[in-house]
Every structure is written in C-alpha cells, then in structure tokens.
Amino acid sequence: MTSSKLDAKVPQGPIGEKWTKYKSTISLVNPANKRNLEIIVVGTGLAGASAAASLAEMGYQVKAFCFQDSPRRAHSIAAQGGINAAKNYQNDGDSVYRLFYDTVKGGDYRSREANVHRLAEVSANIIDQCVAQGVPFARDYGGMLKNRSFGGTQVKRTFYAAGQTGQQLLLGAYSALERQVGLGAVKMYSRHEMLDVVIIDGKARGIIARNLTTGKLERYFGHAVLLCSGGYGNVFYLSTNAMGSNVTAAWKAHKRGAYFGNPCFTQIHPTCIPVSGDHQSKLTLMSESLRNDGRIWVPKKKDETRAANDIPEEERDYYLERRYPAFGNLVPRDIASRAAKERCDAGYGVGLTKQAVYLDFRFNLINKYGRAEASRLNIENPDLDTLVRLGKEVVKEEYGNLFDMYKQITGEDPYEVPMKIYPAVHYTMGGLWVDYNLMTTVPGMYALGEANFSDHGANRLGASALMQGLSDGYFVIPITIGAYLSSEIRTKAIPTDHEAFVAVEKQVKERLETLKNIKGTQSPESFHKRLGHIMWEKCGMARNEKGLTEAIGEIRELRKEFWKDLRVTGDIDEFNPELDKAGRVADFLELGELMCIDALERRESCGGHFREEYQEDGGEAKRDDENFMFVSAWEYNKESDWTLHKEVLEYENIKIAQRNYK
Amino acid sequence: MSNENMTIHLKVWKQKNTGSKGHLEDYTVNNVSPDMSFLEMFDVLNEELIHENKEPIAFDHDCREGICGMCSMYINGRPHGPLEGVTTCQLHMRSFKDGDTIVVEPWRAAAFPVIKDLVVDRTAFDRIIASGGYVSINTGNAQDANNLPIGKERADLAFAAAACIGCGACVAACKNASAMLFVSAKVSQLALLPQGEPERQSRALSMVAQMDAEGFGSCTNTGACSAECPKEISLDNIARLNREFLGASLSKPE
Ligand SMILES: Cc1cc2nc3c(=O)[nH]c(=O)nc-3n(C[C@H](O)[C@H](O)[C@H](O)COP(=O)(O)OP(=O)(O)OC[C@H]3O[C@@H](n4cnc5c(N)ncnc54)[C@H](O)[C@@H]3O)c2cc1C
Ligand code: SF4
Ligand code: FES
Numbered sequence: 000m001t002s003s004k005l006d007a008k009v010p011q012g013p014i015g016e017k018w019t020k021y022k023s024t025i026s027l028v029n030p031a032n033k034r035n036l037e038i039i040v041v042g043t044g045l046a047g048a049s050a051a052a053s054l055a056e057m058g059y060q061v062k063a064f065c066f067q068d069s070p071r072r073a074h075s076i077a078a079q080g081g082i083n084a085a086k087n088y089q090n091d092g093d094s095v096y097r098l099f100y101d102t103v104k105g106g107d108y109r110s111r112e113a114n115v116h117r118l119a120e121v122s123a124n125i126i127d128q129c130v131a132q133g134v135p136f137a138r139d140y141g142g143m144l145k146n147r148s149f150g151g152t153q154v155k156r157t158f159y160a161a162g163q164t165g166q167q168l169l170l171g172a173y174s175a176l177e178r179q180v181g182l183g184a185v186k187m188y189s190r191h192e193m194l195d196v197v198i199i200d201g202k203a204r205g206i207i208a209r210n211l212t213t214g215k216l217e218r219y220f221g222h223a224v225l226l227c228s229g230g231y232g233n234v235f236y237l238s239t240n241a242m243g244s245n246v247t248a249a250w251k252a253h254k255r256g257a258y259f260g261n262p263c264f265t266q267i268h269p270t271c272i273p274v275s276g277d278h279q280s281k282l283t284l285m286s287e288s289l290r291n292d293g294r295i296w297v298p299k300k301k302d303e304t305r306a307a308n309d310i311p312e313e314e315r316d317y318y319l320e321r322r323y324p325a326f327g328n329l330v331p332r333d334i335a336s337r338a339a340k341e342r343c344d345a346g347y348g349v350g351l352t353k354q355a356v357y358l359d360f361r362f363n364l365i366n367k368y369g370r371a372e373a374s375r376l377n378i379e380n381p382d383l384d385t386l387v388r389l390g391k392e393v394v395k396e397e398y399g400n401l402f403d404m405y406k407q408i409t410g411e412d413p414y415e416v417p418m419k420i421y422p423a424v425h426y427t428m429g430g431l432w433v434d435y436n437l438m439t440t441v442p443g444m445y446a447l448g449e450a451n452f453s454d455h456g457a458n459r460l461g462a463s464a465l466m467q468g469l470s471d472g473y474f475v476i477p478i479t480i481g482a483y484l485s486s487e488i489r490t491k492a493i494p495t496d497h498e499a500f501v502a503v504e505k506q507v508k509e510r511l512e513t514l515k516n517i518k519g520t521q522s523p524e525s526f527h528k529r530l531g532h533i534m535w536e537k538c539g540m541a542r543n544e545k546g547l548t549e550a551i552g553e554i555r556e557l558r559k560e561f562w563k564d565l566r567v568t569g570d571i572d573e574f575n576p577e578l579d580k581a582g583r584v585a586d587f588l589e590l591g592e593l594m595c596i597d598a599l600e601r602r603e604s605c606g607g608h609f610r611e612e613y614q615e616d617g618g619e620a621k622r623d624d625e626n627f628m629f630v631s632a633w634e635y636n637k638e639s640d641w642t643l644h645k646e647v648l649e650y651e652n653i654k655i656a657q658r659n660y661k
Numbered sequence: 000m001s002n003e004n005m006t007i008h009l010k011v012w013k014q015k016n017t018g019s020k021g022h023l024e025d026y027t028v029n030n031v032s033p034d035m036s037f038l039e040m041f042d043v044l045n046e047e048l049i050h051e052n053k054e055p056i057a058f059d060h061d062c063r064e065g066i067c068g069m070c071s072m073y074i075n076g077r078p079h080g081p082l083e084g085v086t087t088c089q090l091h092m093r094s095f096k097d098g099d100t101i102v103v104e105p106w107r108a109a110a111f112p113v114i115k116d117l118v119v120d121r122t123a124f125d126r127i128i129a130s131g132g133y134v135s136i137n138t139g140n141a142q143d144a145n146n147l148p149i150g151k152e153r154a155d156l157a158f159a160a161a162a163c164i165g166c167g168a169c170v171a172a173c174k175n176a177s178a179m180l181f182v183s184a185k186v187s188q189l190a191l192l193p194q195g196e197p198e199r200q201s202r203a204l205s206m207v208a209q210m211d212a213e214g215f216g217s218c219t220n221t222g223a224c225s226a227e228c229p230k231e232i233s234l235d236n237i238a239r240l241n242r243e244f245l246g247a248s249l250s251k252p253e
C-alpha cells in the first residue's frame, strides 16, 4: 500500500483526459495578485530557465539563481543528441500514446503513468515553442524539420541541432529568461549557490545563498521555491556531467523534509570515451544518436591484437545485432551498457585497457549516406572513394562537433578508424519525490527537471531529459503552481530578518566555518575521488548485497575521515572554489550512503539497477513486480537514518510485460 | 599517442581580487601526460599546491567539453591557446613539448574585470542579450513548427551563428576589446530567421547600444576575433550586423 504520507494527487478520469481536465479546473491566481507573489527558481538549465521565463511572463516576480557565471552555462548546454516529441512528422505511426508507452516500457515499469502521459501530451508544444524562439533545429531541403532515431523506439521522433541540441534549446530558454531580466520581471543571481532552504510554519519560504564572488551569505524570500538544480551523477566522481554539477540544493531540501525518490536509479550510458589515466577529471559522452549510424562490435577472438580496420567482417561480433535483432544497436541504454560490460569482462574488450568496444561508422557512411548522396547527385556507379567522400560530408553535418571532440580527446580520427567507447555514469533517474503538481513533500517546494524523480522510472530513454526539463518548466509548473499559490495570495512577503532566516543562515555559516577549520591534510578533490571509486565499484553497473553492504561501511568511514582531515585553502569571505567543492563533496558523502541503502533494499533488477542476484538465465534483468512495483521515497531522520515510504505504482493503461527488445 | 611524460613550466597570473594588483608567478608541473587536457594539468598542479598548503590557482570551467563557454585562459598570448577551433578545456598537452614554458593570463578587457587569478566577470554579455537578443514570444503562443518552413541553407547559416558559446575570446583577442563578433553572432542568427523579423531593427540598435554602454571597444575590422574564436564564428556576421545596424539607424523614426 502507498504510504499515507505520499499523495501523488493524480487527477481522476481516463488517462488521455486527466491533464486537459485538470488544466481547465485548477485554481488560478488573478493578474493583480501575481504581481505580489514571489517565486525563487534555483537553477537555470532547461527546467529552471524555462520555468523562470514562463512564470515571469505570467506576471509573477521571479528570482533565479545559478552557480556558474551566467545562466547560459547550465549543464543542459552540453546535451548533444536531441529531444523527443510525438509530432509524427515522419508519418511512421508515432502518437502521444506510443511515446507514453515507449517511455514507460523503457523505464522498466517503474514510473508514474499519469506524469508520463502528460509529458507525451505536451511534447509537441515544446518543439513549437522552441522553433518560435528561433532555435535552429536541423532541416531538410524542403525547409521542414528533420528527425533521427534514438534507443528504445522504432519511430523517428527525435529533433536535433547537429550534436548541439542542448546548447540550442538552452540558448532559446536563456534568451526568454534574459528578456524577462531586461523587463525587470526576473532578477538574476549568477555565481550564487543555494546552501539551504528556509521553512516557516511547514512551508518553503526562501533560501540562503552564498555569493560566490564575495563569499557573503545572503537571504532571499519566496512564496514558493523551485529546485531545478540538475542531477547528481557526479557522486561517482567520473561522469559525463559538468564538473560543477552537484546534489547540494536537492540534498539540503531532503534534509529539511523533502523525500528522496529512487536514489539508486542511475543511468550508465553505453557510449562514452574510455578512461585514459589517473589524471582524468571527467568522461565525455559520445551521443546516443551515433548509434543511428554507428555499429557496435568487438572481435570474435579473445585478446585480438590486429587494428580494427584489419579485422575482416566475418571475424567481428556485432553483439547487439546478434542478441537483439529487432532493435539491434538501438536497444535502451541499460541493456547496451550491460552488454558492453559482459563482452569486456569475458575478455573481448579492445584498446590498451581492454575496457572498450568499437563504435564503427564505416558501414553506414558508405552504404547509407554515401549511396544516398550519390543518387541525389545523380552519380552512377560511384566508386568506393566517392562514396566515402560523399558519406563523410553528411556524417560531418550530422555529428561534426562530436567527431571533432573525439579526435581532440583521443588523438584518433573517427572518420578513419572506429571509435573506442565504454559505459560511463550519465544521468540520475532518482531525485526529489514530487506529486503530479511537481511539489515535493514540503509544501511550497517544487522540483523540476533532472532534480526530480518523475517520468523515467528505472531507465531513461535517450532524448527524453530535454523533453522533460522543458515540459516541466514551460508547460507544467506554470499551471500546477496555481493550485498552491492561489491559497497564498494573502501571505505578505516575509522580511528576511525573520528568526527562521536568521537561524538557518547561522547554521550555514557554522558549517562553512567547520569545513574551513578542520585544517587537515587532504583536499576535497581527493575525498571525492575516493567516494567515486567506492560508488562505481559497488553501486555501479552491477550491484550485489555483499558489495553494497561493504560500500555503506566504507562511505561512513570515509565521511568520518573527511570531517577530521579535510583541508580547505583560502578564506570564507572571498571567491573560493575549494570551499564550494568541499561543501558539495560533504553532501555527496551522505547521498552515496542513501543510494547504497536504496540499492540494497531493492531486491530485484530493473532498468539501470542491476542486482547480480536477480537475473534471467540469459543475463537479462529480472524484475519482481509483485514485491517492488513501487517508488522508494526516503524520509531523512538523522545521519545514517532514513525511513522508507512506498508509492505503489498502478498501471491501468499499459499491459505490464517483461521488456523485450529481441 | 605518446606515453612520454613531460615537465612543463608555467607563468600564471595571480590576483587576489578585483581591487588588487596582479603578477605572474612561476610554477613547474612534472609528469604531465600528453593525454591530459590543459585544465587537467591545472588540476594536478592545484592538488600539489594544496598538498603543500599553498593556495591553488582559481580558473573558470564547467563542462570541459567545449560547449559551456566557461573556460577562459589566455595562453602564450592567444585566447584558448595555440589550436584553432578549440577551447581551453579541449586543448590537450600533446600540443606542447617537454620543457616548454607557458604563460597563462586571464581575458583582458575593461568590460571583463578580473575576479580572481584567471577568473573574470563576463556578465556584460548577459546584459547585452537582455537588451534584445531574443524573439519576443511568450510561452504558449507558438504555431505548429512545420508551418514555418525555413530553407536549409538559411537554417544552416543561422545555426552556424548560433553556435557561439559566449566565452569572450573574441574580446580578449581584439586590441580594442570589441564585442562585435559576439553581438553579430546573435543578431545574425535572428536576422536570418523569419521568427526574428519583427524585431530585426530594434534588436540591432539596442544590442549595439548596450555593447557600447558596457565599455567594449569599437571594431576596426582586424579579424583577430574570428581567428581566435573556438567556434569559428565567421566575420560575415560582423558585416551583416553592420548592414542591419545601418539599415535600422536610417529608418529609425525621429
Ligand atoms: C553530456 C550529456 C549529454 C546529454 N545529452 C542529452 C540529449 O541529447 N538528450 C536529452 O534528452 N538529454 C541529454 N542529457 C541529459 C540532460 O542534458 C540533462 O538531464 C538536463 O539537461 C538537465 O537539465 P536541468 O535543467 O534539470 O538541470 P541542469 O541543466 O543541470 O541545470 C542545473 C542548474 O542548477 C544550478 N544549480 C545547481 N545547484 C545549485 C545551487 N546549489 N545553487 C544555485 N544553483 C544551482 C546550476 O547552476 C544550473 O543552472 C545529456 C546529459 C549529458 C551529461
Ligand atoms: S564569437 Fe566566438 S570567441 Fe566570441 S564569445 Fe562567441 S564563441 Fe566565444
Ligand atoms: S569548460 Fe565548458 S567550454 Fe571549456
């Protein structure tokens, strides 16, 4: 049974009508009152920028925060491959229902039906909105928008701008945000880091932020607080996330009463550039869109020494095409990652470390693009060189920046030799638990984008995070926030000398002083690395009871050592990236423990959560719907002490089945 | 790929805060692998400095994938270093030799004051965008995306201009510290697209006015900006901005 503390507030009625009906019956706030209501938005990625701009357009007073020097630099900027939408421009049978179905199935039946359906419903509006802003999506010669395929689907519904889709979408949202800044409706605080939330009479009423330029603590009031602070993949140290991505905002909210949903659901992305040495600071993604045209293989022979191009066709094992003929190279990420690990563990890996597989473009470069271009240009019987040349031009247009990036990092030219890739931490499906309105368990506090747990279940399909972030920000929160703020119109702005603000600021200050005054010998970075190592080895792509139990003990020890032997150089009241980092690592050290506890409790395999004890004979994940068809929502009590609440998932519109991509 | 490790000598700009005077300081980093990125070399150096209880060097960075525009080092007299079309974070140590001495400074421009060491304040760019770098359309007012066909060539040109990452290297490269390339990239993107048409003139005028108000210098067409731009934003955009600006000034109602 669902814990009584978790009311998802899903509207009644048939799935296809819930959102439409809800929208037209939800309480509204009249324009005059909106002007008196203040909203804090923490984060200016796709979720935060779109929310801040849209809410300001509606008349609310918005304050937006980001820790980078400009809102345009949020991690969303790095998203590469594309954004899904059920437009059916390709006339290949796509529909809202199919996008809904693919997303729920891709998530291995661990997401909330009503939320996912709403996401699929608004997906088409997102593309319209972005195009209207001037986002330059890829187009064909007739001037129409182009689509590509992503994993876990059999239709082409992904819109893109070369390998820079996140950049173009974020710049669109950023321009909408800056327009409101120019109009005075949004006040923007860049280089500001939220370090705690202020709760008054059980409701979120503001934040304490540190001005990262001056080091000063500052207090901000809001009638509601929106956390759009991104994912926490950097708990693994090495991930495809930007260096600054962190869990601090969400974690502080959690410690003040917001339940954390499915913390162990982590996405390991199959196609990333492998680790090259100890100095490595981050891992670089090679977009899933490359699996449209790249074929994944390893040599059939163990310990192969020949160069990739010297291995003849019949001695290559295209293991995804072999194991999953229906979806081939486009199986979902969790499946592709495990399959790569399986081949490497079995001794078929390539490269110096043997921890890599090939992603090869030659076949499609010649046969798909080369031939298509040749026939478009009316070249009859083109020779191989011509096909390669023509194919290269198209591949360059589709993925040019990714190929350049690969070459820059590895020193190898992927137009000539196959890429070497290996799975890496990429995205966190888990996050703050939210109801249908995107409100956390703390009234007035919301979570949007990657920071919340909703929509993706135990595995996210490619090109769906951008869709979710923009859906939350442009189309969901502007409506659902009315349900709360309509009852807040009589609440006057609370002055920030209120005792609650004073008390929380004092706690934040003391913590910074404690961090600074440990005066130990080890850097924040070195603790982060060690935590990442524990997480990757024991709570990564494959997990088991023994490893997770050990990890919990090791993390607790590491945390103790951190608070005894940390060294933070520089001062508190100045620009000090070491202090920023120390605070973030301290929070990761607590989150890591909860992730392992959650992974330990979930005695099944589903999506990205693979418990070695629970697998089918062929090595596929073995779900246990009878006992685990729920969202874990963890309530924080005190250090190392949480209570588990369960939101039982009900599927009324989708027939539950074992995921089958064969 | 070579596995020989190198020794690199650095002269790095150290400056406590905006108000104080800075100076170049000498450092040596041993065991630099050619596969390291330039910023990873700084990570290694900073860890060593912390170990010795010295203050690490502050620098801006985030994505380390050449897309967020946050990294900003002036390396041996060139913004983002010796390679063309590459940001500091994507520059790798294989571009240098064992024993090299490398001078690293912040972006220098009156409109980009130094915050600390290699970190500068680029909020002037945000204010330029806020003055007109958008299409005025509220959420929820859009028509179906394919009702507005845009020819591929035009769309590709707009995309090429939109690729600007807002890093500020163009300003740092310019002897006048002009921001024309940055401004022209946004003006061009929107001038090329039908969505940008209604505000075409006012956009060019107000963005240029804001650029001047921020204290960026004037453009004398030296082309250094485009040559150093990590996204290879073309000088054609500046020519387009000049046309847009002139057109708008002429037709401006008195
Ligand atoms: C390399 C890469 C490629 C990807 N490609 C795709 C793709 O092709 N398609 C797709 O759908 N998804 C993709 N994703 C996933 C997607 O990019 C992210 O999930 C999504 O952009 C997250 O957006 P967001 O708005 O939730 O958060 P973010 O963009 O991460 O923004 C977080 C914001 O919060 C701010 N912030 C955080 N903490 C604080 C604090 N304490 N105080 C103040 N501000 C704070 C930050 O400054 C930032 O502004 C990719 C991810 C990666 C890593
Ligand atoms: S034009 Fe080039 S150099 Fe200037 S900000 Fe844009 S990307 Fe950077
Ligand atoms: S760190 Fe993002 S562009 Fe260099």
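Just so you know, the protein sequences line up as chains F and E, in that order. If you're matching positions, the first sequence starts at 0 in numbering that gives the first Met the number 0 and goes up one per residue. If you're matching positions, the second sequence starts at 0 in numbering that gives the first Met the number 0 and goes up one per residue. Even glycine gets a Cβ: it sits at the ideal position worked out from N, Cα and C. In this text the structure is predicted, and so the values were computed from the model without any measurement.
- For C166(E), the shortest C-beta to heavy atom distance toward ligand 3 is below 8 Å.
- Within chain E, the residues placing a beta-carbon under 7 Å from that of L144(F) are A144 and N145, ordered along the chain.
- Annotation: D333(F) to G606(F) spans about 6 Å, alpha carbon to alpha carbon.
- Interface flag for Q60(F) against chain E is unset, since no Cβ pair is found closer than 9 Å.
- Here the alpha carbon of E512(F) sits roughly 29 Å from the alpha carbon of R72(F).
- For N652(F), same chain residues with a beta-carbon under 7 Å away, outside a window of 5 residues either side, are I14 and E112 in chain order.
- In the same chain as E615(F), and ignoring 5 residues on each side of it, the C-beta atoms closer than 6 Å to its own belong to K621, in chain order.
- The Cβ atoms of N261(F) and G429(F) sit closer than 9 Å to each other.
- Ranked by Cα distance from G106(F), the options K86(F), T152(F), D316(F) and C65(F) are led by T152(F).
- Of all alpha-carbon atoms in G569(F), M534(F) and T568(F), the one lying nearest the alpha-carbon of R555(F) is that of M534(F).
- Under the Cβ distance rule, H425(F) does not count among the residues neighbouring chain E, no pair being separated by less than 9 Å.
- Of all residues in the stretch 279–290 of chain F, those with a C-beta nearer than 9 Å to a C-beta of chain E are Q279, S280, K281, T283 and L284, reading in chain order.
- Judged by their CB atoms, F64(F) and G42(F) are nearer to each other than the 9 Å cut-off.
- Neighbours of Q132(F) in chain E, taken as residues at a C-beta separation under 9 Å, are given in chain order as Y133, V134, I136, A141 and Q194.
- Here DSSP, grouped into helix, strand and coil, assigns T102(F) to helix.
- Measuring C-alpha to C-alpha distances from Q163(F) to each of N436(F), G582(F) and G80(F) identifies G80(F) as the nearest.
- Between G519(F) and the set I478(F), T568(F), P477(F) and G552(F), the nearest pair of CA atoms involves T568(F).
- Using a CB distance below 9 Å, no part of the stretch 166–179 of chain E faces chain F.
- Residue pairing by DSSP places Q266(F) opposite Y426(F) in a beta bridge.
- What A77(F) touches in chain E, judged by beta-carbon distance under 8 Å, is C62, E64, I66 and C67, going in chain order.
- Using beta-carbon distances, K86(F) counts as an interface residue toward chain E, with a partner under 9 Å.
- The alpha-carbon separation between I38(F) and P324(F) amounts to approximately 50 Å.
- Taking a 10 Å sphere around the C-beta of H608(F), we find 16 or more other C-beta atoms and assign the residue as buried.
- 9 Å or more divides the Cβ of S525(F) from the Cβ of E47(E).
- Rounded to whole angstroms, the gap between the alpha carbons of E196(E) and N291(F) is 36 Å.
- Beta-bridge pairing by DSSP links V103(E) to V11(E) and I74(E).
- Distances taken from the Cβ of M69(E) to the heavy atoms of ligand 1 include none shorter than 8 Å.
- Pairwise C-beta distances place the stretch 51–59 of chain F out of contact with the stretch 78–93 of chain F, as fewer than three of them are shorter than 8 Å.
- Under the three-state reduction of DSSP, M69(E) is assigned to coil, being neither helix nor strand.
- Here A190(E) is not near M210(E), since their CB atoms are 9 Å or more apart.
- Identification of residues in the stretch 192–217 of chain E having a C-beta nearer than 8 Å to some C-beta of chain F yields L192, Q194 and G195, given in sequence order.
- Set against 8 Å, the gap from the CB of T213(F) to the closest heavy atom of ligand 1 is not smaller.
- With respect to the C-alpha of G256(F), the residue from N245(F), V433(F) and D579(F) having the closest C-alpha is V433(F).
- Closer than 8 Å at the C-beta level to chain F, one finds these residues of the stretch 106–124 of chain E: I114, K115, V118, D120, R121, T122 and F124.
- As DSSP reads the structure, E320(F) sits in no beta bridge.
- Relative to ligand 2, the beta carbon of V170(E) is positioned inside 8 Å of a heavy atom.
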